[in-house]
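Chains as they are written, first to last, in our numbering: chain A, 293 to 578; chain B, 17 to 428.
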């Protein structure tokens, strides 16, 4: 069982959703990514999503684009993301880390080299925004052989056949993109997402995460009632950047921002419907 | 178009013109590398395009627009004085510079805009570098009554003020892109972001043979009218196929449109010319096939200008239309199998060719096309007088007046 699977299993027993914050490697400051990751965990993060900077982030809105541009300008690259995870693991052996980014830096490093280095660093899962199941080749298997998961996205525009393909190939969890748009867009329709997730649950035992458009405690609480993971990116990244601009500590800003969201997902626990233990057991057998 | 498709169907599996595969792959290149939200829309587009290309009424509509709106067929022109100057093979020009709006770009925008209309989309978006594709899109949007938004790097807007004004005159909204290097690749990123947000009513008209499947194949099909006409015209006028065909390659739409109908004619040598900028050794160029490596950008796997960390490099060329870090995946494949020979021409040689063609033939080429002319001059000199070199003159040079003047220290 991977670290990520173990974490979802624990939370299932607690009956609540995971809170997964996203930060960009090297932002808001080139140094201090590891400290920031620890701060997120202190503030209630159940797993950490770490962005790998890329020059052409087509799925990201202005906030995460800005973070990536600052990180790149400061010299941060894929290898620094791996180094940050490695350093994080010196003190934290429990919190799963998910790398999120784009394919080209991984292709240029070489898939084999990437898997070896990510595994050595203590990465638990990888989410590659511009790598749909059709183009993944054997990457999912190869990552699993190194005890890492490949997370796939499902969007409102994903047709049923393709949803099934993503489910059969993904491990760790399935990431539901809550709206048509880029990261950080507003206006998520919680009721519609709830219905969509119910539909997905009938087809898969994988934990279901929801992201793109969750930026406050209220939405986090609402999504925490029916999702297995609440993913928060742009809103947090924006706060960190503003704090750094004011000369304040990003770690403190992260804790301040995340605390109410953490309370929200923990309070939502009581409202969480049945987690379908039958299917969960099936998955464990596999 | 469908006529073309039927011809290739009969040629069996040996044909080089049967690519891509069902997933949009040209060998290891091409494919669909987009965020999940766009996978649905690109598949919907593929299906709509497949249906349209085998629908005679759509093909008719496209061909009618090409004839009466674009001004096709464009002629081939024997460049006699240029030929004498080169001192070898005869040089022929395919006059895409005579198309409405001054370049081949409009062949594709007409095709895609008609498809958008057929799909019930009311809004079209486009990316543009020099502004030629933006102008061609704005033109067709005006013609068909579609809302039009063009994304353009703020740096390019500054360099190409008059094209920005043209697009606005045509009723398009031009949105400055402030991210990344503020040039063409960033404009493409921003157009993708718009599309992912507005997929329900919006059609994204990509300007070159790149992007996720079906764009590379679809844009090629719309542009193949260039090569089909030229092939017939050369047969009519010279009685045989040309010995060599030359075209410039940025993303590569004019080149693939010219080359594709010749791919199975093994006796015809095909030459793609990339932008050498300040020279390949300087690193300041836009020649991914000559000096790049395979990677993934903008929805497809292809040759890219990328550093050792997988970040996309800034490019440089005197011609904004070639200033792009990638190249269409079919070119990447044709490069690897050796069917097309790709080389590069630097800024200096391209400018010389610009002046040469202007002064010897009274034809002012776009700086993009001037790269092809420069290469053709070199090539013709090595060939025999009875041989023929066909050059795709993809656009006219009016848009480049300010750039050329600046090179000579003249303020306009």
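Quick reminder that beta carbons are idealized off the backbone N, C-alpha and C, glycines included. For clarity, every value in this text was computed on a predicted model and none was experimentally measured.
Residue 533/A: member of the alpha helix (DSSP H) spanning 526 to 537, first to last residue. About 4 Å separates the Cβ atoms of residue 186/B and residue 154/B, confirming a contact at the 8 Å cut-off. Put simply, the CB of residue 327/B is near chain A, with a gap under 7 Å to one of its CB atoms.
Annotation for residue 156/B: no beta strand (DSSP E) segment contains it, though the alpha helix (DSSP H) segment containing it runs 148 to 160. Taking each of 299/A, 311/A, 473/A, 541/A in turn and checking the Cα distance to residue 558/A, the smallest one comes out for 311/A. Sequence-distant partners of residue 345/B (beyond 5 residues in either direction) whose C-beta falls short of 6 Å from its own C-beta, in its chain, are 42, 45, 46, 232, 316, 318.
Close CB contacts of residue 535/A within its chain, under the 6 Å cut and outside five residues either way in sequence, are with 542, 545 (chain order). What residue 49/B touches in chain A, judged by beta-carbon distance under 7 Å, is 395, 422, 423, 427, going in chain order. Counted as a single uninterrupted DSSP element, the alpha helix (DSSP H) harbouring residue 181/B occupies residues 177 to 185. Residue-level contact check: residue 316/B does not touch chain A, since none of the beta carbons of chain A fall below 7 Å from its beta carbon. Relative to the Cα of residue 485/A, the nearest Cα in the group 453/A, 504/A, 349/A belongs to 504/A.
Taking the Cα positions, residue 411/A is about 17 Å away from residue 383/A. Counting the other Cβ atoms within 10 Å of the Cβ of residue 428/B gives fewer than 16, which makes it exposed. Just measuring C-alpha positions, the residue of 368/A, 530/A, 464/A sitting nearest residue 444/A is 464/A. Interface flag for residue 500/A against chain B is unset, since no Cβ pair is found closer than 7 Å. Excluding five sequence positions before and after residue 418/B, the CB atoms of its chain that fall closer than 7 Å to its own CB belong to 428, given in chain order.
Following the DSSP letters along the chain, one finds residue 287/B inside the beta strand (DSSP E) bounded by residues 285 to 293.
With 16 or more neighbouring CB atoms inside 10 Å of its own CB, residue 511/A falls in the buried class. Taking C-alpha positions only, residue 321/A is separated from residue 363/A by approximately 8 Å. Counting along the chain, residue 410/A sits inside no beta strand (DSSP E); it lies in the alpha helix (DSSP H) bounded by residues 403 to 413. In this structure residue 429/A is exposed. Its beta-carbon is surrounded by fewer than 16 other beta-carbon atoms within 10 angstroms.
DSSP places residue 111/B in the uninterrupted beta strand (DSSP E) bounded by 106 to 111. Annotation: the segment 219 to 265 of chain B contains the following complete segments of the alpha helix (DSSP H) (minimum length 4 residues), in chain order: 231 to 239, 241 to 254. Pairing residue 527/A with residue 508/A, the inter-Cα distance amounts to about 8 Å.
The beta carbon of residue 495/A sits closer than 8 Å to those of 455, 456, 459, all from its chain and outside the five residues before and after it, given in chain order. Here residue 371/B is exposed, its C-beta having fewer than 16 other C-beta atoms within 10 Å. A distance below 7 Å between beta-carbons, with the five flanking residues on each side excluded, links residue 220/B to the following residues of its chain, in chain order: 141, 207, 211. The DSSP assignment places complete alpha helix (DSSP H) segments of no fewer than 4 residues inside the segment 425 to 466 of chain A at 431 to 437, 452 to 461, in order along the chain.
Counting only unbroken stretches of 4 or more residues, the alpha helix (DSSP H) elements lying wholly within the segment 331 to 361 of chain B are 345 to 353, in sequence order. DSSP lists no beta-bridge partner residue for residue 368/A. A Cβ-Cβ contact shorter than 7 Å links residue 205/B with residue 350/A. Among the residues of the segment 292 to 318 of chain B, those with a Cβ less than 7 Å away from any Cβ of chain A are 311, 312, 313, in the order of the chain.
Between residue 440/A and residue 419/A, the gap from beta carbon to beta carbon reaches 7 Å or more. Considering only beta carbons, the part of the segment 197 to 228 of chain B lying closer than 7 Å to chain A consists of 201, 205, 208, 209, 212, 213, 215, in chain order. Under a criterion of Cβ atoms nearer than 9 Å, no residue of chain A is adjacent to residue 66/B; the nearest Cβ is some 16 Å distant. Residue-level contact check: residue 374/B does not touch chain A, since none of the beta carbons of chain A fall below 7 Å from its beta carbon.
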